[in-house]
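Asks: Those letters in the sequence shown? Residues -10 to 216, by our numbering.
Glycine included, C-beta positions come from ideal geometry on N, C-alpha and C.
Computed from a predicted structure; not experimentally measured.
Submitted below is the structure of interest, expressed as structure tokens.
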Amino acid sequence: MQFTLPGLWAHMGLFARLIVIAMGVMSMLSLIIVAERALVFRASRRHSRKFASEMGALLVKGDFDSASQGKPGADVGYLGRTIRAGLTAYRISSDDSRDEVMESVARSLERQAQREVQSLKRGLGHLATVASTAPFIGLLGTTMGIVSSFEQMGATGTSGLGTISTGISEALVTTAFGLLVAIPAVMGYNSLQGWVDARAVDLAEASNEFLDVAARALKRARASGVA
């Protein structure tokens, strides 16, 4: 038997081939998820930075009316959607007491921030599943390859290396495929999850800053008798 990929494939049993095909599908799925999430993250961060540059000055000045009426673009990123939720809550509850206004704004910011984090995590669960199960699927192929080797030994009544080489090669190939699928999936998951965690911190900081600005704006408005 030729110890090349075509040669190994030609001598694989049906079960080993199914294992390799399954891991090939898992590998493609993980690569698609990583590529899709990377593009989404890049675009969302770019839109969020654009929103911050366009709306930051208005919010710092406490000009919530202009900020809420502004149209920075169709997609404002995770940051823009979160801050807009706070602006909407501030505008709707502006006639309530100070504590009620701040509580309403805080709840709106928190809800939207949680939605954004969950949206950013989309697909990461599948990636984690691939990363955690691929080695075990490879191990299953290894086990069946060893079983096949013993069956060949029993059928032929011999125990030479040539008799069991096919089963051992299947075991080694499926093990290698399991590791080749799992390692990139683990690296991709850790990288993407770290990015999401960093954005969750950014949203928390931005929400707290918005609450500080809203509190100051509300205090000025109530002092001047506008609200």
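#1: Tell me which same chain residues have a C-beta within less than 6 Å of the C-beta of Met133, skipping the five on either side of it?
#2: For Arg104, report the span of its alpha helix (DSSP H) as first-last.
#3: Should Glu105 be labelled buried (16 or more other beta-carbon atoms within 10 Å of its own) or exposed?
#4: What is the DSSP secondary structure of Gly2, reduced to helix, strand or coil?
#5: Once you ignore the five residues that flank Glu89 on each side, which residues in its own chain have a CB closer than 8 Å to its CB?
#6: Please list, in chain order, all residues of the same chain as Tyr79 whose beta carbon is under 7 Å from its beta carbon, the five residues on each side excluded.
#7: Is Val119 closer than 7 Å to Met17 when the C-beta atoms are compared?
#8: Can you grab the Cα-Cα spacing for the pair Ala171 / Leu116, in whole Å?
#9: With three or more C-beta pairs closer than 8 Å as the rule, is the region 26 to 38 touching the region 5 to 13?
#10: Beta carbon of Leu76, beta carbon of Ser37: below 7 Å?
#11: Would Ser196 be called buried (16 or more neighbouring beta carbons within 10 Å of its own) or exposed?
#12: By alpha-carbon positions, which one of Gly167, Phe139 and Arg111 ends up nearest to Leu129?
#13: Can you check which of these residues, Arg205, Thr122 and Phe199, is closest to Gly45 by C-alpha distance?
#14: Keeping to the same chain, check which residues put their C-beta closer than 7 Å to that of Val136; ignore five residues upstream and five downstream.
#15: Run the CB neighbour count on Gly13, radius 10 Å, all protein chains shown included, and call it buried at 16 or more, exposed below.
#16: Could you say which of Arg73, Ser213, Thr131 and Glu25 lies nearest to Ser97 if we only look at CA atoms?
Replies: In this structure, then:
#1: As a position in the sequence shown, residue 133 is number 144, starting the count at 1. Same-chain partners within the cutoff: Phe4.
#2: Locating residue 104 in the sequence shown gives position 115, where the first residue counts as 1. Note, Arg104: alpha helix (DSSP H), Arg87 to Leu109.
#3: Reading the sequence shown from its first residue, position 116 is the one you call residue 105. Result: buried.
#4: The sequence position of residue 2 within the sequence shown is 13, counting from 1. DSSP places Gly2 in coil when its eight states are reduced to three.
#5: Walking along the sequence shown from the start, residue 89 turns up at place 100. Same-chain partners within the cutoff: Ser82.
#6: The count along the sequence shown starts at 1 and reaches residue 79 at position 90. Around Tyr79: Phe53, Val90, Val94 and Ala203.
#7: Taking the sequence shown and counting its residues from 1, the one referred to as residue 17 is at position 28. Taking the sequence shown and counting its residues from 1, the one referred to as residue 119 is at position 130. Their beta carbons are not under 7 Å apart, which means Met17 does not touch Val119 by this criterion.
#8: If you number the sequence shown from 1, residue 171 lands on position 182. If you number the sequence shown from 1, residue 116 lands on position 127. Each residue's Cα considered, the two are about 9 Å apart.
#9: no
#10: As a first step, residue 76 is located in the sequence shown; it is residue number 87 there, counting from the start. As a first step, residue 37 is located in the sequence shown; it is residue number 48 there, counting from the start. Contact: no.
#11: For the purposes of this step, residue 196 is taken as the residue at position 207 of the sequence shown. It counts as buried.
#12: Position 140 of the sequence shown, counting from 1, holds the residue named residue 129. Ranking Gly167, Phe139 and Arg111 by Cα distance to Leu129 puts Gly167 first.
#13: By one-based count along the sequence shown, residue 45 stands at place 56. When only C-alpha atoms are compared, the closest one is Phe199.
#14: The residue you call residue 136 lines up with position 147 of the sequence shown. Answer for Val136: no residue qualifies.
#15: Position 24 of the sequence shown, counting from 1, holds the residue named residue 13. Exposed, by the Cβ-count rule.
#16: Against the sequence shown, residue 97 aligns to sequence position 108. Answer by Cα proximity: Arg73.
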